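Structure first, commentary second.
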Amino acid sequence: MSAAGTQAPAAGRRRRIAVIGAGPVGLVAVKELKEKGYDVTGFEKRPAAGGVFTDTYSNLQLTSSSLLTSYGSFMGGEVERPVLWRCGEYLSYLAEYAERFDLLRHYRFGTSVRSVRRAPEGGWRVRAQADGAAEDEAAFDNVVICCGSNMRPRFPAWADPRGFDGAIIHSGTVRDGAEFAGKRVLVVGVGESGSDIALMAARAAEESAISTRNGPGYVIPRYYRGMPSDLDTNRCYHSLPRSVVGKPFVRFKVRIEDALQNDGADQAVLRKAAEINRARGVSPFHRFGTKSTAFIEAMVYHGASYRPEVTELRRDGVVFADGTEFRCDVIVCCTGFAPEFAFLEEHEPSLARYAANARALYKRMLAPEAGTDIAWIGYVRPGVGSVPPCAEMQARHLAQLLSGERSLPPRDEMLRDIQMQAELDLKQFAGDAERVATLTDYFRFMETMGEAIGCRPSLPRLMVREPRVALKVLLGPLCAAQYRLQGPGADPEGARAALLRAPMMPWPVLAYEMMLLFTCWAAGLNREPWRPRGRLARQGGAEGARPLRNSAARVWLRIRSTLSGAGG
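The numbering of the sequence shown is the working numbering, which starts it at 14 and goes up by one.
If you want it as structure tokens, here you go:
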């Protein structure tokens with residue numbers, strides 16, 4: 014076994030690695046692994062790269078800006094004027110990235126992976142089938158799974174089509190809204206795709222309604238003063254202790270932003286979004302971000318009604334929790350997806366259990382029992398921020414582990430880290446963590462991965478050597494270029510240029526954020542429980558954590574069950 018916990022290839026032979034998936038996650042995994050000199054083969058069931066973005070609804074617009082969606086090694090678009098890419102624009106960015114790093118030649122497109130199993134001699138046997146061809150099998154030293162969590166559509170328990178005369182469909186099948194024309198439509202769920210589809214339905218339908226069980230996440234407009242609103246995802250603001258972010262003096266920051274929002278933005282929609290957030294007492298640190306106000310537009314301008322959860326399905330409609338009814342022809346379930354790894358179920362059921370519960374993975378990537386033999390990349394859903402930079406950090410670290418530049422800690426240390434991160438997620442996102450297993454804090458995840466890689470930017474050093482860059486690292490958007498300034502895989506010149514060109518929030522907002530952060534520092538409230546040290550490191554838990562709620566405790570019990578049953 015190698016230091017990374019993986020059987021080393023025979024002398025003189027390059028390590029062979031299979032990567033499953035050619036979406037944004039699979040592409041960055043191939044890039045980082047091939048740069049270490051490995052023999053990488055990618056498998057993608059679709060005919061082209063791009064993953065789910067190759068087959069989605071027509072007006073899809075990303076909810077994170079080009080600045081926060083781009084990989085640190087390839088900052089796309091106009092850095093000075095970031096935008097929210099449309100689907101086609103993002104596919105163009107991925108195509109440029111793949112061409113820049115010569116990734117597509119490593120892929121077998123139109124090829125589905127049928128099974129993955131351990132080989133008696135060590136390594137893995139991957140059985141795959143190209144379209145119209147017989148199955149074939151090949152040997153690999155490692156397998157990296159990057160096919161995403163949007164595999165099997167989830168439906169509410171009540172959504173039985175046999176009890177409804179109309180159509181019950183999933184958001185994954187919606188394309189352009191033509192199917193809603195002249196009909197009465199109920200949209201269930203107001204995540205980001207649900208919000209977009211609610212507006213699509215309201216524009217075309219005779220009548221529409223929006224039903225939600227827990228309400229949306231923290232509603233964030235896509236743009237702020239003509240710029241993407243995620244410019245506020247900066248190191249200063251996200252360094253605030255999570256215990257204070259819901260306090261009135263922090264909420265006042267939002268009022269400053271609202272006062273500065275005078276650039277012709279839709280004030281009626283913004284007021285309604287602020288009203289929904291205030292009424293539910295949520296913040297971007299405690300709920301997943303719903304970075305779309307489209308469902309509010311549907312209500313304000315197209316007459317869509319806002320209803321509680323469905324409690325009963327009838328032949329001609331539904332009954333809601335408040336006893337009201339809605340007659341409808343189409344029910345669109347925007348209720349997410351469940352991970353599914355059929356290629357693991359037959360031969361590796363214990364690994365399939367890990368795949369279904371991302372919080373049971375070390376760095377959301379590795380099963381402690383398997384080491385680096387098999388890895389999952391991209392099973393991270395930050396509350397704000399985006400998946401590709403998180404996946405890039407995972408891919409960089411995995412490449413280090415396989416090359417021996419870094420080594421895994423002992424199993425008990427990995428388990429302590431898994432427990433600590435899970436407890437922090439369950440405490441921070443108490444309203445969502447139980448149903449969204451991939452949900453985590455963007456800043457915490459990027460910082461802990463930066464420490465593992467050795468590329469976390471050093472603010473004190475930057476303050477002395479490059480104060481302008483330090484200012485951008487502290488107050489500029491928390492883009493992946495910050496983690497290319499130093500350490501392994503650094504591109505100091507490219508990262509520095511991108512950071513200096515990137516825009517920031519207005520200075521009144523930044524000044525107030527700095528005042529809040531320095532006040533917390535002065536009061537000794539700035540301890541970061543996710544950085545193990547002292548008693549925390551020995552106990553492996555979140556220092557000072559309150560007792561978990563019942564729902565959070567249930568999730569942690571499931572994680573412990575996964576870990577204890579990994580050998581079966």
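Where a beta carbon is used, it is the ideal one built from N, C-alpha and C, also for glycine. All values derive from a computational prediction rather than experimental measurement.
| Check | Outcome |
| --- | --- |
| Which of the three DSSP states, helix, strand or coil, is assigned to E220? | strand |
| Rounding to the nearest angstrom, what Cα-Cα distance links D595 and L244 in this structure? | This structure leaves residue 595 out entirely; the chain is present only between 14 and 581. |
| Please name the residue, chosen from A503, G507, R514, M518, that lies closest to L13 on a Cα-to-Cα basis. | Given a span of 14 to 581 for the chain in the structure shown, any question on residue 13 remains unanswerable. |
| Apart from the five residues just before and just after T54, which ones in its own chain have a Cβ nearer than 6 Å to its Cβ? | A31 |
| Taking the beta strand (DSSP E) that G463 falls in, what are its first and last residues? | Counting along the chain, G463 falls outside any beta strand (DSSP E), though it belongs to the alpha helix (DSSP H) covering 455-466. |
| Just curious, the beta strand (DSSP E) that R291 is in, first and last residue? | Looking at the DSSP string, R291 is not in any beta strand (DSSP E); the run it does join, the alpha helix (DSSP H), is 280-293. |
| Do S221 and P234 have their beta-carbon atoms positioned less than 7 Å apart in this structure? | no |
| Note down, in chain order, each residue of its chain lying with its Cβ closer than 6 Å to the Cβ of R28, except the 5 sequence neighbours on either side. | P22, Y51, D154 |
| Should F262 be labelled buried (16 or more other beta-carbon atoms within 10 Å of its own) or exposed? | exposed |
| Any heavy atom of the ligand FAD inside 6 Å of the beta-carbon of P516? | Because no ligand of any kind appears in the structure shown, any question about the ligand FAD cannot be addressed here. |
| Tell me the residue span of the beta strand (DSSP E) that contains Y120. | 120-122 |
| Buried or exposed for N290, going by 16 or more other Cβ atoms inside 10 Å? | buried |
| Name the one or two DSSP bridge partners that D149 has. | A141 |
| Counting only runs of 3+ residues fully inside the stretch 395-477, write out the beta strand (DSSP E) ranges in chain order. | none |
| Which runs of the beta strand (DSSP E) spanning at least 3 residues fall entirely within the stretch 76-137, listed in chain order? | 120-122, 124-131 |
| What residues are listed by DSSP as bridge partners for G55? | V32, Y120 |
| For G302, does the three-state DSSP call read helix, strand or coil? | strand |
| Under 7 Å, do I309 and A286 count as touching if we go by C-beta distance? | yes |
| Quick check for students: name the residue ranges of the beta strand (DSSP E) that lie wholly in the stretch 320-354, counting only runs of 3 or more. | 323-327, 330-333, 338-340, 343-346 |
| Since G467 and P501 should fall inside the 8 Å C-beta cutoff, what is the C-beta to C-beta distance between them, to a whole number of angstroms? | 6 Å |
| Name the DSSP beta bridge partners of L73, please? | Answer by DSSP bridge pairing: none, since L73 is not bridged. |
| Helix, strand or coil: which one does DSSP assign to W171? | coil |
| The beta strand (DSSP E) that contains L199, what's its start and end? | 197-201 |
| To the nearest angstrom, report how far apart V65 and W534 are at their CA atoms. | 43 Å |
| Where R419 and G228 are concerned, what is the direct C-alpha to C-alpha distance, given to the nearest angstrom? | 43 Å |
| By how many angstroms is the C-alpha of G179 removed from the C-alpha of S208? | 22 Å |
| Whole angstroms are fine: how far does the CA of V345 sit from the CA of I181? | 6 Å |
| When you compare the CB of E102 with every CB in chain B, is at least one pair closer than 7 Å? | Annotation note: the requested chain B is absent from the structure, which comprises a single protein chain. |
| Just confirm the distance between the C-beta atoms of P37 and V400, as a whole number of angstroms; I'd bet it's less than 8 Å. | 7 Å |
| Would you give the residue range spanned by the beta strand (DSSP E) that H360 belongs to? | Premise fails: H360 is in no beta strand (DSSP E) and is neither H nor E. |
| Please identify the residue among E45, L107, V41 whose C-alpha is closest to the C-alpha of P413. | The residue asked about is misnamed: residue 413 is Gln in this sequence, not Pro. With distances taken between Cα atoms, Q413 lies closest to E45. |
| State the beta-bridge partners of A180 as determined by DSSP. | V343 |
| On the criterion of 16 or more Cβ atoms from any shown chain inside 10 Å, does Q552 qualify as buried, or is it exposed? | A caution first: Q552 carries a pLDDT of 36, below 50, which makes its placement in the model too unreliable to give a value. |
| Any idea what DSSP makes of L487, helix, strand or coil? | helix |
| Grab me the residues of K58's own chain with a C-beta within less than 6 Å of its C-beta, minus the 5 sequence neighbours each way, in chain order. | S125 |
| Between F354 and the rest of its own chain, which residues show a CB-CB distance below 6 Å, the 5 nearest in sequence each way excluded? | A365, A368 |
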